[in-house]
């Protein structure tokens, strides 16, 4: 289904060549200041082939709020948002080869199998354009999270192909034990990430290596994958709904629903599975009041009480037993190399005839940098839904408990 | 919430020290032959400290079907199942240290933060005992999947610590390109997996290495993690609901909801993110009628039509655009080292006092082998729910379409 | 929430003075022929102050399909529809009295209480304009139901104030035992209903009485309520999901979610509660092949098998145990007199000051005739969702059962 | 489906002749004092053929709490409850006629049509025994509502056949304008209702008339229906989720899901549809602090703020625009005459042969009195779910709003 969330409920629509793409967001708190200006920046960061910094006045993918606000305040009713498609003609791919061949590792064939019909652009809702509604909805969730708890969500590129920001080592099978990594989690900001355009890996040297690699693949009409890491700071403790909707389970669901994703790790991830418990366990220490964060939002300004204990290390990635513990949540998402490549591919037509597919046109050799705002948006949707579930619980507990 | 699934809806209950644990399964097809004998084997495989082979007559964790069947057939109404807890006394852990200290990397503190109360056994529903209901429900889903499409689900251990069944190599950053791995996916059965008790890694040499490693950690009162791979054969094409409930997203959600999981990979996974698209893409080939599978269920007996095209390679892991393509689905799940260890740990009490926690008693140094039936169960729940969504679609399409 | 349905999922948005109102419809079967022409007629029937017959070329409330179709066929992906609001300026009501007073029996105060804010037009989503999305979605559901099973849904006015089409009598405490009523259910069509514009009560004499009554109330700047009856013919047997989502429960939910509704009766309704069981019970008789129905769709063309037994009488209203039995479903919905009236009303301001409210402008003295397409739409949404649930069940039963 | 509610989620199971019936309740606030003693009274009131007063020490239908509490406090985890079936043998009805004939107006045939199989007791989950889980879950909801807001829910019989507590009159087409009725709503308690056993109509004269009527029908081996009215006092304002989940829509859904119900009215109901708006509208007046209520829970003790305005009359039944306004909510539910009667009925067998069905054994001539606790339970489930939705909203609004 095209809905996500229980309390903060998002419903998206649209494929590449229809009139528009968009989203309805249900459950937005009333009395929130909200305008298109809150939503547009992330849509702009998502746009193909550019970064927010290089194209500050981009006029495309403009969001129009349809409902749910008046005089700049939310009414508590559903907020619908629409973003026009520029190219609404079916057949835009206009490639007779494309009509004959299902693209390898693309969704052309599976959409045909599932629905008995397929959009002319191939895999209908599997298009990256589908993610626009997610990003628009995520921007609203983010604003709520920031205002309510000072939550900050920042994603950045951690590898392209075999080029890593923090290569796994014998000592650090996961970067979760690497102080340099932990320090980056503490301070990284979106501005910093975007300053490393176009790769969005916040390290000059690694970024250069990655950019070269992408260029190589582009030159060969090939493609390459990579990973993003996302950190969420100032998360209230107590979020996540056992047993099936553990916070990491919802994050994994959200991330693997993004096109082209192949893998998800919370905290220490696969590397952590190689560590002894005696090292992997995060001992508790007394929490100290937190200093103002990089982006200026002080912990102390949060309206939500913070736990009195925190962890000395953070291999857990801020979640224990499916519930946030107040430490930074961080996770890594793997993206495969894009399926559409210019290189000739020996494959088979819909009519079961062998042949060679050559995809004309410009193709993105790597989607990882552009996925940054999408990952941030999906993280925000998960957190916001969990926040509302916990607010309902806290509210009722306060009302019924004798304590 | 403690519910999973939309159409095949599972609702579990129970923690370690209450009267019983159990589950209600809603949406079970009527007229299905079903008895406790269909459910007990997986519950027995799940039991701590033993394998199905060594304890064939185990009398514990007996499932009692409460409702929904008559004369051995399902009625189409909810099937409730109950499994008694043997030790219902709170305070069983009986350790004054345990009362003072939240266990590092366990759920004690986060449950307290979330609910303002915690079960005496620590993290309430974070107990492994919670998974019993999942396994019971999964056994029903599995039976439906097997009868309807010949679906076979087999999980097996692929690594413990740094001991791998298929270590990553420069040529095969993911085993997805390794012919030996692909051949194993084709033939592996539960009987074979269990014959490699107690580690459940289906290779004598690797299994021995892993067993030694676990023994070492046990001796040191430490713990170690590892990974499981699960293959699902004979999956009908067309399963998975774009855009948010892609099949891999639901699998990731399901797997990360299992206690102690840290990571999930579909198909080529993180390794695939390092490959060029030209290698990673799975070209299409004409499908040939499939020979009878290892467990005797022939593809040709399936009541569901198979697609005319299949893929030559399978880096996609049987899913493209969030929808099954009919090839084997396989994925890998990472489990962290168990949090409860006998070694002394410097940590802090609930009352913010520094101290040393020593967890008395026997603790499982590695949960990976026992997780095999849990992973299989959750995979079955995801598949069954997707099957029902697709049956509704196919049914309506047939009724409304002019084709 | 602004969502309705589990399989055929509808999500609406919009209030009176925002940019547009609309809906996303998820779960629409693929390969269905669909265009705006399928949706517009019911939207036009819903428009204020007119009937479809008198204003055949009405240019307002035009639906724009945003997504989910290509070359006139549905893709199986979400169908978004948008209808522009003409008057988007807040403050249109422009009445300083209106700003001071919550309108008695309107939603102004409760929206303020719930959200801490209210739209300038008063009760935000309680506006009748909210129902546009329902009607648009219902039109798609109706088309599916008609094509798949020949389902016909027709609502008509059965009372305005004390003027009844079938007044309750000692012999017929409910019209369910009145042959004239049952005969009407058999034959009534939308064309017939609309031919009795503007009241939509399909009886010349009763219609005239009702029209006079409405005129009286209009002249007095007062308002009056009434009832609608809706019949659904050619319903497949087996629809409705025990125990909480019984078919009549879903219909009641759907109807009471329409603005201004106060009551719901299935079949014999409250009248039936006064009858002896020996009269109320519907004995079974052998079903005979049904002749082509009034609107030209023959039962025999249905692709869904009909039960071999039917009932001699139909006090049950086509539903027994929450499940359709194949007989006509019929129900009655009560609408209150509109809350906004021109007459002066002694009431109290938001600021707790007593005063007199006089609502300027033209107000509809009776909403019942206009509610006809809304009731039909909501009935279609309920039926379609139940159809899909049953298709999923039937599909799985066929696959797993030994029968 | 057998689930009800979004945030306070209830999942029931069980039919007449299986091992047990029961329920899982998810979303119960943690730290609530809860034991079987909170649940048993309503189960006892629900038992057939008796009232709480006459059988204070009834040992049947004992609830066993399976999970979710420790030391008398809820843990915030799912609470499972089980009630054994005494008669678990299928075929208990043991009537060869019953096997041949689907009972008229019962669910035998529709269950067979829906599922392709039927329980030996006839309509599986359509049995009144299914309601036990609802009552058990409702008791928990009620306790939460009472502690948090002083909510009081009391249902009572208002008519049996043509015998009314408040017969409709020309002046009062609905009792909503009758001061005697409104006064009863203010003061009626469960103790009072039960003191009028066995009819549960709180008026000696009306009760006697009704009891006589039921006796007459019993003597004739016939059956008769009737109506219940339910009042909910001390409801916080702001409950109910526009647009589809309006509070009256959820109540209608809940009530029509109870076996044997045919009709639902909120507030003035069908009678109100006959009134002029000028009379039906409820003018606002300044609210005055409310005196302690009949059951001793003072309004002033409520932890939830009450609105500053209330209504002078209450034709709305405490709900406007789908949202509670703080006034008493009241509604009426119609129950049909029980379908199983001793009288001979000419009908048709499953095999399409005409014949005569005589149902042996004792049959309840009227279910209305016993439905009292079921209606109360379902009302509590609706209110509690709405409370949690609103707590989530209020919590977030407080955190994000600038006001």
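Residue numbers (the working numbering), protein chains in the order written: chain A, 286 to 688; chain B, 286 to 688; chain C, 286 to 688; chain D, 286 to 688. Glycine residues also receive a C-beta, built at the ideal position from the N, C-alpha and C atoms.
- Kindly say whether residue 615 of chain D, judged by its beta-carbon, lies nearer than 9 Å to any beta-carbon of chain C. no
- Can you check the region 477–528 of chain B for any alpha helix (DSSP H) of at least 4 residues that lies completely inside it and give the ranges in chain order? 489–504
- Comparing the C-beta of residue 454 of chain A with each C-beta of chain B, is any distance below 9 Å? no
- Message: With a threshold of 9 Å between beta carbons, is residue 351 of chain B in contact with chain D?
- Response: yes
- 9 Å Cβ cutoff, residue 433 of chain C in contact with chain B: yes
- Task: Identify every residue that forms a DSSP beta bridge with residue 368 of chain C.
- Result: C:306
- The alpha helix (DSSP H) enclosing residue 450 of chain B, as first and last residue numbers: Unbroken run through residue 450 of chain B: none, as it is neither H nor E.
- Name, please, each residue of chain B whose Cβ falls closer than 7 Å to the Cβ of residue 326 of chain A. Per Cβ cutoff of 7 Å: no residues; residue 326 of chain A is ~23 Å from chain B at best.
- Query: Tell me the DSSP bridge mates of residue 437 of chain D?
  - Reply: D:518
- Query: Does DSSP put residue 613 of chain C in a helix, a strand or coil?
  - Reply: coil
- Item | residue 354 of chain C versus A:522, A:405, A:631, residue with shortest Cα-Cα distance | A:405
- Message: Using the Cβ count rule (16 or more neighbours within 10 Å means buried), how would you classify residue 333 of chain C?
- Response: exposed
- Query: For residue 641 of chain D, which residues does DSSP report across the bridge?
  - Reply: D:631
- Item | Three-state secondary structure (DSSP) of residue 467 of chain B | helix
- Message: At a CB distance below 8 Å, what residues from the region 545–561 of chain B approach chain A? Give them in sequence order.
- Response: 546, 547, 548, 549, 550, 551, 552, 553, 554, 555, 557, 558, 559, 560, 561
- Task: Identify, in the order they occur along the chain, each residue of the same chain with its Cβ nearer than 8 Å to the Cβ of residue 666 of chain B, setting aside the five sequence neighbours on each side.
- Result: 289, 290, 293, 295, 419, 422, 423, 426, 539
- Message: Residues of the region 673–684 of chain C in Cβ contact with chain B at a cutoff of 9 Å, in chain order, please.
- Response: 673, 674, 675, 676, 677, 678, 679, 680, 681, 682, 683, 684
- Message: Buried or exposed, going by whether 16 or more other CB atoms sit within 10 Å of the CB of residue 340 of chain D?
- Response: For residue 340 of chain D, the pLDDT reaches just 37, beneath the cut-off of 50, and the residue's location in the model is therefore unreliable, leaving the point undetermined.
- Going along chain C, which residues have a C-beta under 7 Å from residue 526 of chain A? By Cβ distance, chain C contributes nothing, its closest Cβ being about 18 Å from residue 526 of chain A, past 7 Å.
- Would you say residue 319 of chain C and residue 364 of chain C are within 9 Å of each other, going by their C-beta atoms? yes
- Specify whether the region 501–517 of chain C and the region 441–456 of chain C touch according to this definition: at least 3 beta carbon pairs, one from each stretch, less than 8 Å apart. yes
- Item | Partner residues on chain D for residue 405 of chain B, Cβ-Cβ distance less than 9 Å | 355, 356
- For residue 327 of chain A, which residues from the same chain have a beta carbon less than 6 Å from its beta carbon, with the 5 sequence-adjacent residues on both sides left out? 420, 424, 658
- Message: Whole angstroms are fine: how far does the CA of residue 685 of chain D sit from the CA of residue 343 of chain A?
- Response: Because the pLDDT at residue 343 of chain A is just 47, under 50, the model does not fix this residue reliably, and the value given afterwards should be weighed accordingly. About 30 Å.
- Message: Along the chain, where does the beta strand (DSSP E) containing residue 391 of chain A start, and where does it finish?
- Response: Here residue 391 of chain A belongs to no beta strand (DSSP E), and DSSP marks it neither H nor E.
- Alpha carbon to alpha carbon, what distance is there between residue 676 of chain D and residue 617 of chain A? 33 Å
- Look at the Cβ atom of residue 392 of chain B, then the Cβ atom of residue 606 of chain A, and state whether they are nearer than 9 Å. yes
- Item | Exposure of residue 403 of chain A, with buried meaning 16 or more beta-carbon neighbours within 10 Å | buried
- Message: Is there a C-beta anywhere in chain A that falls below 9 Å from the one on residue 347 of chain C?
- Response: no
- Is the CB of residue 300 of chain C under 9 Å away from at least one CB in chain A? yes
- Task: Enumerate in chain order the residues of its own chain whose CB-to-CB distance from residue 526 of chain D is below 6 Å, with the five nearest sequence positions on each side excluded.
- Result: 674
- Message: List, in chain order, every chain A residue whose beta-carbon is nearer than 8 Å to that of residue 666 of chain D.
- Response: Those do not exist, as residue 666 of chain D stays about 14 Å from chain A at its closest Cβ, beyond 8 Å.
- Task: Output, in chain order, the set of chain D residues within a Cβ distance shorter than 7 Å of residue 387 of chain B.
- Result: Those within 7 Å of residue 387 of chain B in chain D number zero; the least Cβ separation is about 16 Å.
- Item | Secondary structure of residue 697 of chain A, DSSP reduced to three states | The requested residue 697 of chain A does not occur in the structure, where chain A is confined to residues 286 to 688.
- Query: Which chain D residues are close to residue 291 of chain A, counting only those with a beta carbon under 9 Å from its beta carbon?
  - Reply: 291, 292
- Item | Where residue 346 of chain D sits in the DSSP three-state scheme | coil
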